[in-house]
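Residue numbers (the numbering used here), protein chains in the order written: chain A, 1 to 121; chain B, 122 to 428.
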């Protein structure tokens, strides 16, 4: 047991302080929420990631149920929070919308994903 | 015994499309990655010699040579504590491996790889029964996430399956041991056959990470939001040399927590039949993602250094 404790301690002490400030960026939460239903049309889709994002190589798009892109194509990072990516929306009608994102974290790892949200009638 | 020993290996993590696959503890998965398992610890009472407590502490390092090809090296310290008699410990044979990623499909979260492992005979300790001969193990690996299921089944989208099928081919068909009776002087020759063994297994996972980020934000708090409950099946079936006996192996339910730079996992190790054992063991692992810890140095492939 002593040997095991030493191995565990050594592993954490040697490796974790060497960690860079960035890693794979996962979706932390979003507005509208993943899979959620909102009762008033949102003015933007905002996604908070677990890591700071490289904006030039990242994208955020919103599609309606017919597959037509409906966002304003102005994907940008929040000025004060480099892990918050957002895109503006025109007034949306009731329906289901699909959000597709692809981001590059500062250490150049690429992650991507998609989710849906609903605008209630 | 062989099947129980297989639970002390440690394997790779990776992405396919939006899917993050964790490194599974008991079965090999299809990813080529830069990572370090330090340590993987397993303990179980085996049926040998009236019941022997076997504890394995292993380390494994995986390194990408190119984005699609990687190598692995692993070593295990085993402690055997028999029901009666003296405790023995020693290192197992050195294990080397290579894996090539044949196919990856992001939209369908699918991946297929092939690999070749070799356990180098004679590099381990006789006291714990390390083989004096080498064993080659070619295998095929697959992974599939179910994120492409229809929306009506969206709560099954976090499910993923990884699996492996391979054949362990010993370089020696049998070993012969001779004992001499001190009183009568008679020689007793014992021949142990070493069959080829089909090694197969799979891991069924449900990713809360995927549920939260792709399907439905359930507002789960940390650390639950990073959990991946899973059950692994690690099985072995002897194929020839008079040893075509029943399949042995374990079913290992457990959970993995995956963070930014490392994951931790723990599983129960449940023998599938009496030939495997009668006691439940446990396996636990601390596993580092070197590509996230050292993204610009050792976390990169040696050649073709993209992520």
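From the three backbone atoms N, C-alpha and C, an ideal C-beta is built for every residue, glycine too.
- Judged by DSSP secondary structure, residue 31 of chain A falls within the beta strand (DSSP E) whose first and last residues are 27-31.
- In the three-state reduction of the DSSP assignment, residue 241 of chain B falls in the coil class.
- Using beta-carbon distances, residue 63 of chain A does not count as an interface residue toward chain B, since no partner is under 9 Å.
- Apart from sequence neighbours up to five positions away, the residues of its chain that approach residue 230 of chain B with a beta-carbon distance below 6 Å are 137, 138, 140, 266, 268, ordered along the chain.
- Taking CB atoms only, residue 84 of chain A has no neighbour in chain B less than 9 Å away.
- Between the region 73-83 of chain A and the region 364-378 of chain B, the count of C-beta pairs closer than 8 Å stays below three; the two stretches do not touch.
- In the DSSP assignment, the residues bridged to residue 350 of chain B are B:376.
- Under DSSP, residue 313 of chain B takes part in a beta bridge, and its partners are B:296.
- Take the alpha-carbon of residue 241 of chain B and the one of residue 214 of chain B: they are about 6 Å apart.
- Between residue 384 of chain B and residue 143 of chain B, the C-beta gap is smaller than 9 Å, which places the two residues in contact.
- Residue 166 of chain B and residue 393 of chain B have their alpha carbons spaced roughly 14 Å apart.
- Taking residue 177 of chain B as the centre and dropping the five residues before and after it, the same chain places the C-beta of 129, 163, 197, 199 closer than 6 Å to its C-beta, in chain order.
- Counting of Cβ neighbours within 10 angstroms places residue 298 of chain B among the exposed residues, the total staying below 16.
- Listed in chain order, the positions of the region 85-114 of chain A with a beta carbon within less than 8 Å of a beta carbon of chain B are 107, 108, 109, 110, 111, 112, 113, 114.
- When beta bridges are read from the DSSP output, residue 73 of chain A appears opposite no residue.
- For residue 414 of chain B, the uninterrupted alpha helix (DSSP H) run begins and ends at 411-414, by DSSP.
- With distances taken between CA atoms, residue 283 of chain B lies nearest to B:353 out of B:314, B:353, B:221.
- Residue 301 of chain B sits exposed, since fewer than 16 C-beta atoms from the chains shown fall within 10 Å of its C-beta.
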